[in-house]
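Novice: Just so you know, we're using the numbering used here here: the sequence shown kicks off at 1266 and counts up by one.
By construction, the Cβ of each residue, glycine as well, lies at the ideal position given by its N, Cα and C atoms.
Remember, it's a predicted structure, so these values are computed and weren't measured experimentally.
Below are the structure tokens for one structure; questions will follow.
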Amino acid sequence: MAFEYRSTIGQDSHRFVDRLNRPATAEELARPLLLGGFEIPSAVGLSGNSDADVILHALTNAVSGLTGINILGKISDQMCLEEGITDSRAYLKRALQDMGDWQITHVSVTIEGKRPHLSAWIDPMRKSIAQIIGIEPRDVGITATTGEGLTDFGRGDGLQVFCILTARRPDNE
Ligand SMILES: [Zn+2]
1266 MAFEYRSTIG QDSHRFVDRL NRPATAEELA RPLLLGGFEI PSAVGLSGNS
1316 DADVILHALT NAVSGLTGIN ILGKISDQMC LEEGITDSRA YLKRALQDMG
1366 DWQITHVSVT IEGKRPHLSA WIDPMRKSIA QIIGIEPRDV GITATTGEGL
1416 TDFGRGDGLQ VFCILTARRP DNE
């Protein structure tokens, strides 16, 4: 069977709660750091209206790049602010509903940030992402770089993530 392939990109960034332009509230300082649906133990959290899972947001944007239907922004704001849904897995799952015949075959994620050290958590994050989108952990690649202090991410103010998604659908022609 012949397939049509597409590769799409998504990006997102969030600021750490201890690097806001104002003092963080106790509630903010208690936020967990969620990356790809996995909670990184004893790490400073990221700020945002939702759970601020910067990997799932980049992935959601990559899915939108495939479907042409944007979820982060108007639709996620509505889910978050009006329905109280702060779990970013719900935004991603909402984006996946628009996939039609498209089937995700691979996801590649890059993280830029000075902290925390993520090497020990790469495999749990791959497993978590794979489970959420229904592919195998071997089809999820994650790299992390400190960025050598060249950007605000590399200086430890927040995290930036890029995600490239590859999908295929049967080519009926
Ligand atoms: Zn975000």
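#1: Tell me, to the nearest whole angstrom, how far the beta carbon of threonine 1375 is from that of phenylalanine 1418; I am working on the premise that it is less than 8 angstroms.
#2: DSSP has histidine 1279 in a bridge; who is on the other side?
#3: So the candidates are Leu1300, Tyr1270 and Gly1310; which of them puts its Cα closest to the Cα of alanine 1291?
#4: Work out the CA separation of arginine 1433 and threonine 1351 for me, nearest whole Å.
#5: Given that a residue counts as buried once 16 or more other Cβ atoms are within 10 Å of its Cβ, and exposed if not, what is isoleucine 1274?
#6: Quick one, what's near ligand 1 if you take every residue whose CB is closer than 5 angstroms to any heavy atom, in chain order?
#7: Whose CA, out of His1322, Glu1269 and Asp1316, lies closest to the CA of valine 1282?
#8: So what does DSSP say about histidine 1322, is it helix, strand or coil?
#9: Ends of the beta strand (DSSP E) at glutamate 1377?
#10: Identify whether arginine 1284 lies in helix, strand or coil by the three-state DSSP scheme.
Specialist: On the basis of the supplied data:
#1: On the sequence shown, position 110 is the one that residue 1375 refers to. On the sequence shown, position 153 is the one that residue 1418 refers to. In fact, because the Cβ distance is near 11 angstroms, the residues do not count as touching under 8 angstroms.
#2: Here residue 1279 is taken as the residue at index 14 of the sequence shown, counted from 1. Looking at the DSSP assignment, histidine 1279 forms a beta bridge with Leu1424.
#3: If you number the sequence shown from 1, residue 1291 lands on position 26. When only C-alpha atoms are compared, the closest one is Gly1310.
#4: The residue labelled residue 1351 in the question sits at position 86 within the sequence shown. The residue labelled residue 1433 in the question sits at position 168 within the sequence shown. Cα to Cα, the separation comes out at about 30 angstroms.
#5: On the sequence shown, residue 1274 is found 9 positions in, with the first residue counted as 1. Classification of isoleucine 1274: exposed, given that the 10 Å Cβ count is below 16.
#6: Asp1277 and His1322
#7: For the purposes of this step, residue 1282 is taken as residue 17 along the sequence shown, with counting starting at 1. Nearest of His1322, Glu1269 and Asp1316 to valine 1282, Cα basis: Asp1316.
#8: On the sequence shown, residue 1322 is found 57 positions in, with the first residue counted as 1. Three-state DSSP puts histidine 1322 in a helix.
#9: For the purposes of this step, residue 1377 is taken as residue 112 along the sequence shown, with counting starting at 1. First-last of the beta strand (DSSP E) with glutamate 1377: 1368-1377.
#10: Within the sequence shown, numbered from 1, the residue matching residue 1284 stands at position 19. Three-state result, arginine 1284: helix.
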